[in-house]
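Engineer: Provided herewith is a single structure, encoded as structure tokens, for subsequent inquiry.
Protein chains: 2
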Amino acid sequence: MATKVGSGNDPWSAWSASKSGNWESSEGWGAQPEGAGAQRNTNTPNNWDTAFGHPQAYQGPATGDDDDWDEDWDGPKSSSYFKDSESADAGGAQRGNSRASSSSMKIPLNKFPGFAKPGTEQYLLAKQLAKPKEKIPIIVGDYGPMWVYPTSTFDCVVADPRKGSKMYGLKSYIEYQLTPTNTNRSVNHRYKHFDWLYERLLVKFGSAIPIPSLPDKQVTGRFEEEFIKMRMERLQAWMTRMCRHPVISESEVFQQFLNFRDEKEWKTGKRKAERDELAGVMIFSTMEPEAPDLDLVEIEQKCEAVGKFTKAMDDGVKELLTVGQEHWKRCTGPLPKEYQKIGKALQSLATVFSSSGYQGETDLNDAITEAGKTYEEIASLVAEQPKKDLHFLMECNHEYKGFLGCFPDIIGTHKGAIEKVKESDKLVATSKITLQDKQNMVKRVSIMSYALQAEMNHFHSNRIYDYNSVIRLYLEQQVQFYETIAEKLRQALSRFPVM
Amino acid sequence: MATKVGSGNDPWSAWSASKSGNWESSEGWGAQPEGAGAQRNTNTPNNWDTAFGHPQAYQGPATGDDDDWDEDWDGPKSSSYFKDSESADAGGAQRGNSRASSSSMKIPLNKFPGFAKPGTEQYLLAKQLAKPKEKIPIIVGDYGPMWVYPTSTFDCVVADPRKGSKMYGLKSYIEYQLTPTNTNRSVNHRYKHFDWLYERLLVKFGSAIPIPSLPDKQVTGRFEEEFIKMRMERLQAWMTRMCRHPVISESEVFQQFLNFRDEKEWKTGKRKAERDELAGVMIFSTMEPEAPDLDLVEIEQKCEAVGKFTKAMDDGVKELLTVGQEHWKRCTGPLPKEYQKIGKALQSLATVFSSSGYQGETDLNDAITEAGKTYEEIASLVAEQPKKDLHFLMECNHEYKGFLGCFPDIIGTHKGAIEKVKESDKLVATSKITLQDKQNMVKRVSIMSYALQAEMNHFHSNRIYDYNSVIRLYLEQQVQFYETIAEKLRQALSRFPVM
């Protein structure tokens, strides 16, 4: 369980600890993230909190959680949920990472074959990598290494959530309709199927591509309209992300998830995906960059840079999320209450005035009453506004928090490989490996680096697009908001008699 | 001291208690407000709080206060300050009233000759009222009884506060320059002189005309610029009020305060004013309405109506002041802080983004930085706004709170007179008074009623003008405020690259 605290709660422990270079730890390579996590956790509780980001992300032992989850889970219980218990705003980072990093230590523990990913050694030191049918091309474009984007892209519409039940109504669940825009043929999936897909993608591509976690599962109120709406919105966002990714969207498991013809085909595909050997670090063996090998120094620099950037962005995103949440609370709580009070106060003053019995003040009193009503309108405008702008800014940052939560594990994997290459000379000297082996290692870690760069270029272009759109939207809505208020007040003003 | 609690702290006890008709109380007529105040105070502590309006208006025995005050007071110590200790927002109502109502019971107590005002009996029962040189005409216009407004009005500019000192610098004070717009000849006065004037006006006209109290004196920081500025602003407002009033502005004491030629003339005038016999209820003997006597029923109805209205308006004004204060706090505290945080969060995100090393995102990052700065600007706009609009709304309501605080005493005086007339038959029967006396009483209470109506018409026309102007100003400023924000955000938006 120490691993849970170490790499589970602190998304950044894995790679930041690898800096602290405890490679020689008795635990050996495989257990690095665990040792690192634990170490960081004991050394710097404050950092931990900081990286942690929010108070209640980790809510104690997950066994109780298991049972809750069970309700919505009728397949073989997945051990992968043993540490899923998050507050909505932290779900992304928390879960995606906890899962991924735990998987990175499955070999020594060899406890959850469900997603034990082949180790780095296997990939780097295999005499001869079996040429896989599956190939993930990497080309070098104007922006450097990049994935090859399919000529025709598609999205997937998640819609029409329906309550289904089984076991004579003993268990009920929500089923969503998924319609890929290219085939326009719908399939139905439950949340647990999305979760299955997430897990497969994480196992297969997790070492090379950040797989943002799903909207976190909910224990109570799973059937409340608000919750279902929000979850669907987030599942939609998640699917769109996946469809946008050139490697994920083209992968067999993803295609099969969207295009199976019947239950039988689904089951077969499911089993096949679960048996897929080309997973974990081994995924890099499917990649063929059309580019010369990079030297270790450059590889290391690139890796460091990615680690630095993703950590910094994670901090930035968390800051924005915290501020946003605070602002949301104020805009929906105290602020509108106050405008309402102002409105009421003006109206009651007008009422008093009209009781004066003095002639010719009707116009003024009507105007004051109107002004009062205007402030009541402003109150509800203020309370409704966050749904129109802040909501989208928050959702976008929430998604990116999910992405960024995956990087510590990715960086950890890359650093692990790099360290190995660094040590290869020693291994050659002690003739544990041949010179050929070493050359293979350099070539293969160079492939990993190309993959990382390709993914980062994909990440950046998406980031730029997403933040440009969402901040634009935010500002547009804010402008409208303030203009509406100004206009309402102008109207109220116009009703006052000129004396 | 019970009187202090009864009529001092609860501006409404005097007249509302007279409803509860405890005229037969052993205390006798003169002490009515005291008995009433005490009674109400014991019966209805909650009402008391309500009428009271704010928690800390009465802060215990005033002796300590005396000493503080002493600093700015080198004349004979005025007993009238024995209960002045108020929070800024309550000063008006509290002080004006506490003073006035305490004076209404000076005859039995006969403790503070400084402002013992001639009793109601004396006015109502005097065989023959000595024809005074001083005359306050009342005519009947379209709106009913009204004071006669002078053909030429004037204002008085309060300016140029200067620190003066005396006793070889042992005592220092602030002196203000007063310049009446009609004479354009300046005189200098200290706060304590204003206070003297206030007291004289209260003693002389307090039974017929609400004399709003001065901005409450301050013990500490009397020489700080902010305080001096604010006090001058309020002294100006007070003087303007007085100049606007047809009776006050034409009164000898007021004229003398503004137009004395030298120290000697000032001292003489001062002494004369302090000896003025035509004060308290006796002031009504100077009034000659050109109208038939009113019957008692109508007189009583008018009086009730005024009481009802002023009480209701006092509540309304207090509500607005409370809400306004809350809003002020938010606008100058948490809200701008939040906009600042949003601004900072956006800027730091932009900083992270520009560290990506990815090409062609400079425009976006500059735009995000600008958006961040815009929110910082908005933060200071929000923090500065209350000074531009809410401030004036608050000041106006504060002034009216001062006026309204005087009415309980005025109403109390009128009700006292009415009660006496009601009892006159019994007195005639027991031949305590003659029929002629009774007819005089009705005539004189009818004069009082004309005066009250004249004053109310003056009050209403001012109220309508003041609230129209101040709410207009508020809305105008608010419109500008929201438009400015919208414009700034529109500019920020325009910097985002279109993709």
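Taken in order, these protein sequences are the chains called A and B. The first sequence begins at 1 in the UniProt record's numbering and counts up one residue at a time. The second sequence begins at 1 in the UniProt record's numbering and counts up one residue at a time. Here a beta-carbon is modelled for each residue, glycine too, at the ideal position from N, C-alpha and C. Predicted model, so just to flag it, every value in this text is computed and none were measured.
1) Report back the beta-carbon spacing between Y474(A) and D389(A) to the nearest angstrom; my notes put them in contact at under 8 Å.
2) Measuring straight from C-alpha to C-alpha, what distance separates A350(B) and L435(A)?
3) If contact is defined by three or more beta carbon pairs under 8 Å, each pair taking one atom from either stretch, is the segment 324–342 of chain A in contact with the segment 482–491 of chain A?
4) Could you tell me the boundaries of the alpha helix (DSSP H) in which V140(A) lies?
5) Are any of the Cβ atoms in chain A nearer than 7 Å to that of Y173(B)?
6) Step through the CB atoms of chain A and report whether any lies within less than 7 Å of the CB of Y482(B).
7) How about T240(B) and D363(B): do their beta carbons lie closer than 7 Å?
8) Excluding sequence positions up to five away, which residues of its chain have a Cβ less than 7 Å from the Cβ of Q385(B)?
9) Counting along the chain, where does the alpha helix (DSSP H) carrying S461(B) start and finish?
10) Hey, quick one: how far does the beta strand (DSSP E) through K163(B) stretch, first residue to last?
11) In three-state terms, what does DSSP make of P497(A)?
12) Does the beta carbon of V479(B) come closer than 7 Å to any beta carbon on chain A?
13) Applying the 10 Å Cβ sphere with the 16-neighbour rule, what's the burial state of Q301(B)?
14) May I ask you to list, following chain order, the residues of the segment 292–324 of chain B that have a beta carbon less than 7 Å from some beta carbon of chain A?
15) Going by DSSP, name the residue or residues bridged to G402(A).
16) Which two residues bound the contiguous alpha helix (DSSP H) that contains Q385(B)?
17) So is E361(A) buried or exposed if we call it buried at 16+ other beta carbons inside 10 Å?
18) Between the alpha carbons of P246(B) and I138(B), how many angstroms are there, rounded?
19) Using the three-state DSSP reduction, which class does Y149(B) fall into: helix, strand or coil?
20) Got a sec: is the Cβ-Cβ distance from N365(B) to anything in chain A below 7 Å?
21) Would you say K192(B) reaches chain A, if we count a Cβ-Cβ gap shorter than 7 Å as a contact?
22) Write down every uninterrupted run of the beta strand (DSSP E) in the UniProt domain "PX" (154–265) of chain A whose length is 3 residues or greater and which is fully enclosed by it, in chain order.
23) Between which residues of its own chain and T153(A) is the CB-CB distance below 8 Å, once the five residues before and five after are set aside?
24) Just tell me which of L452(A), G141(A), L129(A) has its CA closest to the CA of E298(A).
25) For E288(B), which three-state DSSP category applies?
26) Tell me which residue opens and which closes the alpha helix (DSSP H) that M282(A) is part of.
27) Going along chain C in order, which residues have a C-beta closer than 7 Å to the C-beta of Q359(B)?
28) Taking Cβ-Cβ distances shorter than 8 Å, what residues in chain B pair up with F496(A)?
29) If I209(A) sits next to E455(A), beta carbons under 8 Å apart, how far is it from one beta carbon to the other, in whole angstroms?
30) Under 7 Å, Cβ to Cβ, is there at least one residue of chain B near A116(A)?
31) Return helix, strand or coil for G333(A), following the three-state DSSP convention.
32) Determine the closest residue to K443(A) out of H458(A), H460(A), G169(A), I418(A), with distance taken between C-alpha atoms.
33) Taking its Cβ as the centre, do 16 or more other Cβ atoms sit within 10 Å of P292(B), making it buried, or is it exposed?
34) Grab me the residues of L493(B)'s own chain with a C-beta within less than 6 Å of its C-beta, minus the 5 sequence neighbours each way, in chain order.
35) Would you say L493(B) lies against chain A (beta-carbon separation less than 7 Å)?
Structural biologist: Inspection of the coordinates gives the following:
1) 5 Å
2) 46 Å
3) no
4) First-last for V140(A): 136–141, but that is the beta strand (DSSP E), not the alpha helix (DSSP H).
5) no
6) yes
7) no
8) C331, F481
9) 435–494
10) 156–166
11) coil
12) yes
13) exposed
14) A305, F309, A312, M313, G316, E319, L320, V323
15) Answer by DSSP bridge pairing: none, since G402(A) is not bridged.
16) 362–388
17) buried
18) 11 Å
19) coil
20) no
21) no
22) 156–166, 171–180, 187–190
23) C243, R244, S249
24) L452(A)
25) strand
26) Taken as a continuous stretch (DSSP letters only), M282(A) belongs to no alpha helix (DSSP H), as it is neither H nor E.
27) No chain C is present in this structure, whose protein chains are A and B.
28) N468, I471, R472, L475
29) 6 Å
30) A caution first: A116(A) carries a pLDDT of 26, below 50, which makes its placement in the model too unreliable to give a value.
31) coil
32) I418(A)
33) exposed
34) none
35) yes
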